[in-house]
Structure formats: C-alpha cells, structure tokens
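Protein sequence lines correspond, in order, to chains A and B. Be aware that the first sequence starts at 1, since it is given in our numbering, and climbs by one per residue. Be aware that the second sequence starts at 1, since it is given in our numbering, and climbs by one per residue.
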Amino acid sequence: MKVSLFLTCLADVVYPASVGKSTVEILERLGCEVDFPKKQTCCGQPAFNSGFHRESRDVAKHMIKTFEEAEYVVSPSGSCVTMLHEYSKLFSEDPEWQERAKALSDKSFELTQFIVDVLKVDDVGAEFHGNVTYHTSCHMTRLLKVKEAPMKLLENVKGLKFTELPNKQQCCGFGGTFSVKMVPISEQMVNEKVEHIEETDAEVLIGADLGCLMNIGGRIERQGKPIKVMHIAEVLNSQA
Amino acid sequence: MGVKIGEGKFFERVDKGINDKFMRKAVKEAQTRLEGRKTQTTEEMGNWEDWRDLSEEIRQHTLENLDYYLDQFVENVAKQGGHVFFAEDAAEANEYITSVVKKKEAKNIIKSKSMVTEEISMNEALEELGCNVVESDLGEWILQLDDHDPPSHIVVPALHKNKEQIRDTFRDKRKYDKSSDPNELAQFAREQLRKDFLSAEVGITGCNFAVAESGTVSLVTNEGNARMATTLPKTQITVMGMERIVPTWKELDILVSMLCRSAVGQKLTSYITGLTATKEEGDVDGPEEFHVVIVDNGRSKILGTQFQSALQCIRCAACINVCPVYRHVGGHSYGSIYPGPIGAVLTPLLEGYDDHKELPYASTLCAACTDACPVKIPLHELLVEHRRVIVEQSGKSSFGEKLAMKGYAYAASNPSVYKIGSSSAPSFIGHVAKGEDGHGKGPGPVKLWTDIRDLPEPTGDTFRKWYVNREKGGGKS
C-alpha cells in the first residue's frame, strides 16, 4: 500500500525529526511504502480559523496539488487532517476545486485511524515501559470523530501502565491563535489540564496532536514538572 | 438591563473573572453537576443523536416557515380573545407593555424568568413609570435584591453567588435573620414573594415555546413561579422572541423534553405550563386579559443569513455548561446577558461588533459546544464565520494580523519560501525557547507564547534532513 506522509508544519518546522521518523517507520513496518512529497507545507488552519479564508484557499490549493497523486495521505495529527476535510467547504462556489478537495479529504487519515480502520491492525508490536496517560485532542475526537483507534493501539503496547486522564474531554487551551490571543484564559485552561495529568501520577503524557502537546508540554516545562510529553507515534514506534 | 452588561474592557473583565476564586469554584462545580446530569438523562434515551437530528429538523423547518407559523399563532391567540403586538425593537416593545400597564393603572408587577425582557430593559421601563416590578424566579430575585447584579448564566442566573452571599443580601435588603441553610433561604424567599404574587395586578412572563396550532404559550420552571404569575394577576403579558415558535403540540413535546434534559438533566422540570388565552367562564384561576408581545429586536436581520442557525437556540445553556472558556472566566466576562458560546455568537449579531469584537475569538474552537447543542447549532463554525466577517467585511482585524496572515499564506503556498522559513526556524526557536525568567521573549506571537510556556527545544536533525539523508543512503535506517 502506498502512503504519502503529510508531516504537518509543527512536526516539520518546530519539532525535531522524531515524530515524522516514527510515523514513517511504523507505516513501513506495517508493510506500507511511504513517500514524503517535499512541496508540502501547512494545512492552512491558522488562516482558516482566524477568518482569513481567501488566504487559506491559496494554501488549500497548494496542498491539494501536492497530494493529488497520492493513494493515501496519512498524518500524525487529527487536527490537521480535520482541516484537510474542511477544504471542500472553502470551495463551495468552485465545483472543480471542490471535487479535487473532496478527493483529498476521502483519502486522508490520521495515523492511528489509518492503522486501525484501513490497515485493520490493533497491535503494532510496540513495547514501552512506564506510567502514562493520554490527552484526547478536541478536533480529532469531536470533528474527525476518531476516539477508539489510539486507545486500541495503546492497549496493545507491552509494558504500558495506563491511567485515564480526569476530565479528558476538556480542551487544553491551545486553540491555535487562541493560545497567543487569549493568553490569560489559555493559561488557566492549560493549568487545569496539567493538574489533572499530575493526578494520574503519569511519567509520560501521550497525545496525537503536536499543537496540544506543544501547549501542555510547554507549560509543564515552564513549571519545571517531571512529566515527559510524547507523540503517540513515538510510543508506537518504541521497541524493547 | 439591555444585552450589554458590565463596565470595562474585555480583558479587564476576564482578569476580574479569573481572580474571582469563589465564582470559579462555583462554575466548575455547576458545570460538573449539570453536565453529569445531562449525560445521564440523554444516554438513557439510547438514541440521543437521532433526537438531536429530529430537533434540528424541527427548528430549521420552523425558521424556514417562520412567517407562516407566526401568522397561525397570532390568529389563534386573537381568535381566543388575546391581544398580539409585534415589536420591531426594544423601544416599541416597552412602549406597548407600559401602555397596557398604564391602562390597567397597575402598580405591582410580578415576573417570571425571561431573557428577552432583560434584553429589552423592560424592568427599567416599568420602574420609570413608578411600578414595583418583582422577579419571582429565585435566582433572578436574588440578583434583583442585590442591586440588580447581572445574570451570569441564562438558566442559572445567580450561579456566581454562594449561599453565604445570598444570606447577606437577604439580611441587608430584607432584614433576614436566619442561617445560610438553603432550605431556610428558600422558605424566606417563598414568604417574601407570596405577598408580591397576591398583590400583583399584572403578571409578565417570557415564553419557552409558543404553539402555533393552538395559540398557546408554554413555560418551563422548577419553582412553579410562572404558574403563580399567570394565574393570580388579572392581566398577563407574555414577551417572546419572534423565533420561539413550534408548529404543534407534537413538536412542543419533543423540544420541551430536549430543553429539560439539556438544561438541567431532568426528563421534565417540575412544572410545564401551557397557557391558552384568558380564563373561561367557570375557571377559578387565570387572567382576564392576555397580551403577547412578539419581539424582533434584530432577529429578522439574522434570518436568511449564514448565521440563521443561531436562531435555532432553545436557551438550554448546554453549550455554556461544557465550555472550557466560560469555566475559567465566568459569565460576566462576556459583557452580555447571553454568555458562553451561544452568547459569543448571538451578541455580535444583536449588538454589532464594536463593543463585542473579542467574543468570536474567546473560544479555542474545541467544539464541545457544538457537540452539546440539542438542536445542533454548529456554534464553533459560526464563531469562525464571525471571524471571517470581521476580516473580510468589517475591516476590524488589525494591520499586524493581516500582514502576518498574508505572509503565512504566501509561505504556505510557495514551498521555496516555506523552506527558507522552516530551515531557519530551529535556531530561532532555540534562541527563545525558554523565555526569560518566566517572561516572554521574541517577537509578537512568540513573546505571547513564551509568556507562560516554553517552546520545544530543537535537538537533533529536522525530519527533512533525516529523510533526505536516508534517501541518499538508499536504504532504510
């Protein structure tokens, strides 16, 4: 099966190689042939959510073209895949582009969703020792409606001691530009999230969206707490 | 009171809210309690999503045919001897209401809870006439006694107060001398309100739903106060937003159930009242004269626009009860009698952006509100739509933001430009990652980010470098 990786701008620009590398390695281990279209950029969500729809249309067109030849598009982010699914709304008055947008949306999957729903795999053979908890990011669960897949995969990771996060449904306070536009509110939200993570005694917080992890992890770092933040791809790529 | 409440700028109100430790504890507890009960009563239905679909369909159908159903409702009220008045705005509504009260030479007015009467500042208009207007909903009565403290929630208006604060208000304003025990407080309120119910010449209510096929006004309460306010006084005035219509009793049944479950997690509230026209011969109770004031006040401007779905709202506050922003800042921070996600959508529609331009941005777009809404208003999408209007039509977005977004879009649709930015990002991030002594460092948004958080440390290669090396190596590492 041929898979094109949509890395996302955060994994591309802000974070080191680990998340993308883990994604590629897991998919290859599961028998996929992975390529990385180098012209890819960002999904356009920062502009779209800020109301700059003309600008996000330009970005969407670029991404549609970049992935036009792909059989499947897989990304280690529920939020960015949700944005790919929004593209067709951007072209409600342009049937040609709307069709191309829909084609992209139909073949785009978040990583855990792709593994469980398309590859039909629940156990990726990973092993990771430690007390962990998992943050269910909002766009992935509420908009993309991927709730079970990450849990199924984590259940089958050897050595993992999992504790459910209290109030897990609550947003961490990232919200893209919200995190810098509404700093005092975002601060209260992420503080509450960190308190709940501490209640679980987890050494590692796992998540499937780098936006949330950058927010929660950044706050944990600032508070000097001994909790590590990992992307689910990194955990699923861990071996004994 | 009007839609706008409170003084000061948005961020000043937010700071005040964040620093009000009691209010925040009360809101958290109330959200947990209300949301917990809602989940329980909706899950027991087994097919909650089907009920949401049906309710959305009912509301959409009604709005699409609003003129028809309003006509039918008005005709049925008039046929049974009731009087109907269409008010285009707050001034017209108040003029009509005060004229009825003047004609009755009424001095004492008892009210049941109604957001639309707050919206049009009806109490103030009646007080100017010299009337004594008494709120009979317990929460609203507490706020009224406490020098007209504004509501902070559309269903639980005094959510921000604890029982000790309520005891103090009763003591200062009504010489209450008992404890802060809720039973004693409620008993005192009953005794106080009883004489107001008995002396009122006019009863004024809101309207949860008006049934077109029978000309009935339906009210939902847990205290029975709306029933008292509509049976004891000789004249009844009902004030309703023009969108509060259901076609028949069948739809009323469904929407009342959705409202009670979503608002307070009850299958039904203690009292569901249906009032049709005046009392008939032989009836012991009921008004001799019945007026309905149908208020537009900006609603018809929303019809037919991309915001029409906001009018589907049945005022259950389910979106408020799950909102993580409301949770930390409380209702007064919104500066509107309609707080939370629905308030952030509705307030700028009713009042314009000038005084409320921050509201569409006071959301992480987490969509908890959209998921909670029993009539499926896509609240987070409407907030994005507001942002789009602000950018494209009202020209109210800042020059800096415009520039940043244009730059972003240019880079994100031109890979060669994106590559330059991305290759210099790690060293830049490394420079500002930790801020300085907890204070932000770096330009614009980066400074705001590092005000409260660190940035990830750019250790090791970027993905692109790893990928290219691997390609060159020809094999898999």
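Where is the CB? At the ideal position from N, CA and C, for every residue including glycine. Source: prediction; values computed, not measured.
ask   = Which residues in chain B sit within 7 Å of F36 of chain A, going by Cβ to Cβ distance?
value = Translated into the one-based positions of the first sequence, residue 36 of chain A becomes position 36. Chain B residues near F36 of chain A: Y467.
Same chain only: Cβ atoms within 6 Å of H85 of chain A, ignoring 5 sequence neighbours per side = Here residue 85 of chain A refers to the residue found at position 85 of the first sequence. Result list for H85 of chain A: S105, in chain order.
ask   = Taking just the CA atoms, how far does G215 of chain B sit from Q72 of chain B?
value = For the purposes of this step, residue 72 of chain B is taken as residue 72 along the second sequence, with counting starting at 1. For the purposes of this step, residue 215 of chain B is taken as residue 215 along the second sequence, with counting starting at 1. Roughly 8 Å between the two C-alpha positions.
task = State yes or no: is the beta carbon of I185 of chain A nearer than 7 Å to at least one beta carbon in chain B?
result = Numbered from 1 along the first sequence, position 185 holds the residue referred to as residue 185 of chain A. It does; some Cβ of chain B falls within 7 Å.
key: For V246 of chain A, three-class secondary structure by DSSP   = No answer is possible for residue 246 of chain A: the residues shown for chain A start at 1 and end at 240.
inquiry  = Judging by CA-CA distance, which residue of A:P46, A:E221, A:Y15, A:A202 is the nearest neighbour of Y408 of chain B?
reply    = Taking the second sequence and counting its residues from 1, one reaches residue 408 of chain B at position 408. Comparing Cα positions, the closest option is A:P46.
ask   = Cβ of R59 of chain B within 7 Å of Cβ of V375 of chain B?
value = Along the second sequence, read from residue 1 onward, the residue named residue 59 of chain B stands at position 59. Along the second sequence, read from residue 1 onward, the residue named residue 375 of chain B stands at position 375. In this structure, V375 of chain B lies closer than 7 Å to R59 of chain B by Cβ.
request  = List the residues of chain B that N215 of chain A touches, going by C-beta distances under 7 Å, in chain order.
outcome  = Residue 215 of chain A sits at position 215 when you count from the first residue of the first sequence. Those within 7 Å of N215 of chain A in chain B are R453.
Length of the line joining the Cα atoms of Q188 of chain A and Y326 of chain B = In the first sequence, counting from the first residue as 1, residue 188 of chain A sits at position 188. In the second sequence, counting from the first residue as 1, residue 326 of chain B sits at position 326. Distance between the alpha carbons of Q188 of chain A and Y326 of chain B is about 11 Å.
Sub-7 Å separation of C366 of chain B and L379 of chain B beta-carbons = Along the second sequence, read from residue 1 onward, the residue named residue 366 of chain B stands at position 366. Along the second sequence, read from residue 1 onward, the residue named residue 379 of chain B stands at position 379. No, the Cβ-Cβ distance between C366 of chain B and L379 of chain B is not below 7 Å.
Contact between the stretch 453-465 of chain B and the stretch 419-437 of chain B (3+ Cβ pairs under 8 Å) = yes
ask   = Would M83 of chain A count as contacting chain B if we go by Cβ distances under 7 Å?
value = As a first step, residue 83 of chain A must be located in the first sequence, where it is residue number 83. Not an interface residue.
message = Can you tell me whether S363 of chain B is buried or exposed? The criterion is at least 16 other CB atoms within 10 Å of its CB, across all chains shown.
response = Counting from one through the second sequence, the residue named residue 363 of chain B turns up at place 363. Buried: at least 16 other Cβ atoms inside 10 Å.
inquiry  = What does the alpha-carbon distance come out to for the pair S477 of chain B and A233 of chain A?
reply    = In the second sequence, counting from the first residue as 1, residue 477 of chain B sits at position 477. In the first sequence, counting from the first residue as 1, residue 233 of chain A sits at position 233. Confidence at S477 of chain B is low in this model, with a pLDDT of 48, below 50, so the placement of that residue should be treated as unreliable; the coordinate-derived value is given next. The straight-line gap from Cα to Cα measures roughly 17 Å.
ask   = On the three-state DSSP scale, how would you describe M230 of chain A?
value = What you label residue 230 of chain A is simply residue 230 of the first sequence in a count that begins at 1. M230 of chain A: strand per DSSP, three-state reduction.
key: Local conformation of G203 of chain B per DSSP, three classes   = What you label residue 203 of chain B is simply residue 203 of the second sequence in a count that begins at 1. Correct three-state label for G203 of chain B: strand.
ask   = Any idea which residues DSSP pairs V132 of chain A with across the strands?
value = For this step, residue 132 of chain A is matched to residue 132 along the first sequence. Partner(s): A:F162, A:V204.
key: 8 Å Cβ cut-off: residues of chain B touching M1 of chain A   = The residue labelled residue 1 of chain A in the question sits at position 1 within the first sequence. Residues of chain B passing the Cβ test: none, with the nearest at roughly 17 Å.
ask   = Just reading off the alpha helix (DSSP H) that D451 of chain B is part of, what are its end residues?
value = Counting from 1 along the second sequence, the entry for residue 451 of chain B is found at position 451. Taken as a continuous stretch (DSSP letters only), the alpha helix (DSSP H) holding D451 of chain B covers 444-452.
message = I'd like the ranges of any alpha helix (DSSP H) spanning at least 4 consecutive residues and lying wholly in the stretch 18-72 of chain A.
response = 18-29, 45-49, 53-66
query = Since H196 of chain A contacts L154 of chain A with CB under 8 Å, what's their CB separation in whole angstroms?
reply = For the purposes of this step, residue 196 of chain A is identified with residue 196 of the first sequence, where counting begins at 1. For the purposes of this step, residue 154 of chain A is identified with residue 154 of the first sequence, where counting begins at 1. With a Cβ gap of about 18 Å, H196 of chain A and L154 of chain A do not count as contacting.
key: Other residues of its chain near R171 of chain B: CB distance less than 8 Å, five sequence neighbours each side excluded   = Mapped onto the second sequence, residue 171 of chain B falls at position 171. So the qualifying residues of the chain are D177.
Proximity below 7 Å, CB of S114 of chain B to CB of G203 of chain B = Here residue 114 of chain B corresponds to residue number 114 of the second sequence, with the count starting at 1. Here residue 203 of chain B corresponds to residue number 203 of the second sequence, with the count starting at 1. Contact flag unset, no.
ask   = Along chain B, in chain order, which residues have C-beta atoms closer than 8 Å to that of Q113 of chain A?
value = Position 113 of the first sequence, counting from 1, holds the residue named residue 113 of chain A. Simply none; closest approach about 17 Å.
query = When you check each C-beta in the stretch 440-452 of chain B against every C-beta of chain A, which residues fall closer than 7 Å?
reply = P445, L448, W449, D451, I452
message = Just to confirm my understanding: we take E223 of chain B, look at its own chain, exclude 5 residues before and 5 after, and list those with CB closer than 7 Å. What are they?
response = Taking the second sequence and counting its residues from 1, the one referred to as residue 223 of chain B is at position 223. D137, L138, listed in sequence order.
ask   = On the premise that W97 of chain A lies in contact with K61 of chain A, defined as a C-beta separation below 8 Å, what is that separation, rounded to the nearest angstrom?
value = As a working note, residue 61 of chain A is residue 61 in the first sequence. As a working note, residue 97 of chain A is residue 97 in the first sequence. Contact flag correct, Cβ pair sits at about 7 Å.
ask   = Any idea what DSSP makes of S477 of chain B, helix, strand or coil?
value = In the second sequence, residue 477 of chain B corresponds to position 477, counting from 1. Since pLDDT at S477 of chain B reaches only 48, below the 50 mark, its modelled position is unreliable, and the value read off the structure follows with that caveat. In the structure shown, S477 of chain B sits in coil (DSSP, three-state: anything other than H, G, I, E or B).
task = Provide the residue span of the beta strand (DSSP E) that contains Y271 of chain B, from first to last.
result = As a first step, residue 271 of chain B is located in the second sequence; it is residue number 271 there, counting from the start. 271-276 is the span of the beta strand (DSSP E), which, as asked, contains Y271 of chain B.
key: Opening and closing residue of the beta strand (DSSP E) in which G241 of chain B lies   = Stepping through the second sequence from its first residue, residue 241 of chain B is reached at position 241. From DSSP, the beta strand (DSSP E) with G241 of chain B extends over 235-241.
message = My parser needs the beta strand (DSSP E) runs of 3 or more residues fully inside the stretch 24-88 of chain B; what are they?
response = 83-87
request  = Pull up the DSSP beta-bridge partners for F290 of chain B, would you.
outcome  = Along the second sequence, one-based indexing puts residue 290 of chain B at 290. Beta-bridge pairing links F290 of chain B to B:Q236.
key: the stretch 22-35 of chain B / the stretch 242-250 of chain B touching (three or more Cβ pairs under 8 Å)   = no
message = Assuming the contact rule is C-beta atoms closer than 8 Å, V34 of chain A and L27 of chain A should be a hit. Round their C-beta distance to whole Å, please.
response = Here the question's residue 34 of chain A lines up with position 34 in the first sequence. Here the question's residue 27 of chain A lines up with position 27 in the first sequence. Contact holds; Cβ gap of about 5 Å.
inquiry  = Quick check on this structure: which residue in A:L119, A:N167, A:V132, A:I64 has the alpha carbon closest to the alpha carbon of F91 of chain A?
reply    = The residue labelled residue 91 of chain A in the question sits at position 91 within the first sequence. It is A:I64 whose Cα lies nearest to the Cα of F91 of chain A.
task = Could you confirm whether any beta carbon from chain A is found closer than 7 Å to the beta carbon of C366 of chain B?
result = In the second sequence, counting from the first residue as 1, residue 366 of chain B sits at position 366. Yes, C366 of chain B lies at the interface with chain A (some Cβ there is under 7 Å from its Cβ).
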